[in-house]
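For the protein sequence lines, the chains are A and B, in the order given.
36 is the number that the numbering used here gives to position 55 of the first sequence; each next residue is one higher, with no gaps.
86 is the number that the numbering used here gives to position 67 of the second sequence; each next residue is one higher, with no gaps.
All C-beta atoms, glycine included, are put in the ideal place defined by N, C-alpha and C.
Structure first, commentary second.
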Amino acid sequence: MMTNQKTPRAAVLVAAVITVLTFGTVANAVQTITTANAATFSYINLLPGAISAAFTPVFGRPVSVMGVNTTIGDRGVGQVTLLRSGIAPTFIEWTGLESPAAAAITSGFSGVAGTHIVYINFAHTVDIEVNTPDSIRVRNGSGILQSGNVTLIW
Amino acid sequence: MNPRKSNRREQWQGLFFWSLFAAGLLVQLLAPRLEISNGAFVIPPALVAGGNNIRPDEIIAKQRRMQLISAVLTVSGALGLAYRYREILTRKASRRSDEPAGGPA
Chain A
-18 MMTNQKTPRA AVLVAAVITV LTFGTVANAV QTITTANAAT FSYINLLPGA ISAAFTPVFG
42 RPVSVMGVNT TIGDRGVGQV TLLRSGIAPT FIEWTGLESP AAAAITSGFS GVAGTHIVYI
102 NFAHTVDIEV NTPDSIRVRN GSGILQSGNV TLIW
Chain B
20 MNPRKSNRRE QWQGLFFWSL FAAGLLVQLL APRLEISNGA FVIPPALVAG GNNIRPDEII
80 AKQRRMQLIS AVLTVSGALG LAYRYREILT RKASRRSDEP AGGPA
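Written out as structure tokens, the structure reads:
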């Protein structure tokens, strides 16, 4: 009799666990699928003269790239909308606004590594630049450690 | 119907639905797990630190694809298990409704 009473109880417990796991999985999937096409990354204590990892934006679609430098005393913000051509001839093309101070329009196109795209710090020493005809990177051209965030939306 | 055949079919059904459910959880565990903050996927600092070439669109697309597969497998498995074990699950409820309201006299 004890076994008969225990079996449904255990079954209900297992059913509850399955339900919780299922809802958890579905919740994860819904959150992932409904989040916009946006990726953000941080560069933390980027050494003087160092470059971050390279980012390859999606090709053939407008990509908004926004960067902030959060180092105290050198904070800034800059943004560009860029195009990765993706098909030969390959290059990165952009237009946007440099960081203060002296914010000005920045625009151009290039596939040459090291070509300046946009400054994202106040002193105009930290910038997003061309890495390859297909990718971009952050370079710290200042003499101090720099930290900040860059967001790509496409 | 042959009861032995029916029993074997039920066993296979159970195994199939458990496998489906477990596969869903496994895909969930193996899927790239990017944190979502302020409506954007956060690329982990460890990935940014090296000289990697990161393709956010591909990472996100892979995460979405795997999460979708995981959800479909898990939900299918869970529904299948609920169907397979419906008698055990409903037995308790029906037994409860059969019991007298006031308990033993």
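Is the shortest distance between the beta-carbon of A/Y100 and the beta-carbons of chain B less than 9 Å?
no
Hey, is A/W135's beta-carbon within less than 9 Å of any beta-carbon in chain B?
yes
When you compare the CB positions of A/S91 and A/V111, do they come within less than 9 Å of one another, or not?
yes
For my contact list, A/L133 and A/F36 are in at a C-beta cut-off of 8 Å; report their separation, rounded to the angstrom.
7 Å
Going along chain B in order, which residues have a C-beta closer than 9 Å to the C-beta of A/I68?
Under the 9 Å cutoff, chain B gives no residues; its nearest Cβ is about 16 Å from A/I68.
Would you say A/P38 reaches chain B, if we count a Cβ-Cβ gap shorter than 9 Å as a contact?
yes
Cβ-based contacts, 8 Å cut-off: residues of the region 63 to 89 of chain B near chain A:
P64, L66, V67, A68, G69, G70, N71, N72, I73, R74, P75, D76, I78, I79, Q82, R83, Q86, L87, S89
Neighbour flag for B/Q32 against chain A, beta carbons, 9 Å
no
Interface residues of chain B facing A/Q127 [CB-CB closer than 7 Å]
Neighbours of A/Q127 on chain B: none; closest Cβ ~14 Å, over 7 Å.
Spatial distance of A/Y100 from B/A50 (CA atoms):
35 Å
Taking 9 Å as the cut-off, decide whether the C-beta atoms of A/G77 and A/S88 are in contact.
yes
How is the alpha helix (DSSP H) around A/V39 delimited, first residue to last?
Here A/V39 belongs to no alpha helix (DSSP H), and DSSP marks it neither H nor E.
Cross-chain neighbours of B/R110 in chain A, by beta carbon under 8 Å
P(-11)
If we cut at 9 Å on Cβ distances, does B/L100 have a partner in chain A?
yes
If you draw a straight line from the C-alpha of B/V67 to the C-alpha of B/I73, how long is it?
8 Å
Restricting to Cα atoms, I'd like to know which of B/R110, B/Q86, B/I107, B/R105 is closest to B/G43.
B/Q86
Members of the region 85 to 99 of chain A that neighbour chain B once the beta carbon cut-off is set at 9 Å
none
Proximal chain B residues relative to A/N9, where beta-carbon distance stays under 8 Å:
Q47, Q86, S89, A90
With a threshold of 9 Å between beta-carbons, can B/S38 be considered close to chain A, or not?
no
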